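Asks: For the sequence shown, the working numbering gives the first residue as 1258, with consecutive numbering after it.
Quick reminder that beta carbons are idealized off the backbone N, C-alpha and C, glycines included.
On a predicted model such as this, the values are computed, not experimentally measured, just so you know.
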Amino acid sequence: MNTQAMNHDPHSPVFIRGKASPDKQQKGQVSPSRFVDWRRIIELALLLTLVVAAVYLISRVVTPQVVTIVGVIAGFLLLRFVVRTILQVTFTILGFLFWLAIFMAILICIL
């Protein structure tokens, strides 16, 4: 059974004309595991460049004390995000271990 042909819309012009079969369409595609989205990487690099340039220009305009204060506040916000994420992951794992320990205790009591 050809499941690829079944997944296509039979009313689409490509299916009606029969010019492009699903086998021909699959050969041209690159597997997702080996595909690198260069456009996304370039966008991220440009965004990082803009952020660095903005910080550089702001540091030239304001005094060093303001830059230090903004850096400390940004550091605390980043640290808060990292600690919060680590704690969420830790408590999720501990929750699974807690229920696993209860399940094992019940199995030990039954057996």
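(1) Roughly how many angstroms separate the alpha carbons of Val-1318 and Val-1324, rounded to a whole number?
(2) What number of angstroms, rounded off, separates the C-alpha of Met-1361 from the C-alpha of Leu-1336?
(3) Looking at the structure shown, is Val-1319 part of a helix, part of a strand, or coil, going by DSSP?
(4) Alpha carbon to alpha carbon, how far is Ile-1330 from Val-1312?
(5) In this structure, does DSSP put Leu-1334 in helix, strand or coil?
Replies: The relevant details are as follows:
(1) Position 61 of the sequence shown holds residue 1318. Position 67 of the sequence shown holds residue 1324. Taking the straight line joining both Cα atoms gives about 10 Å.
(2) Indexing the sequence shown from 1 puts residue 1361 at position 104. Indexing the sequence shown from 1 puts residue 1336 at position 79. Between Met-1361 and Leu-1336, the C-alpha separation is close to 37 Å.
(3) For the purposes of this step, residue 1319 is identified with residue 62 of the sequence shown, where counting begins at 1. Of the three classes helix, strand and coil, the one that applies to Val-1319 here is coil, per DSSP.
(4) Start at 1 with the first residue of the sequence shown, and residue 1330 comes out as number 73. Start at 1 with the first residue of the sequence shown, and residue 1312 comes out as number 55. Cα to Cα, the separation comes out at about 14 Å.
(5) Within the sequence shown, residue 1334 is the residue found at index 77, counting from 1. When DSSP states are grouped into helix, strand and coil, Leu-1334 belongs to the helix group.
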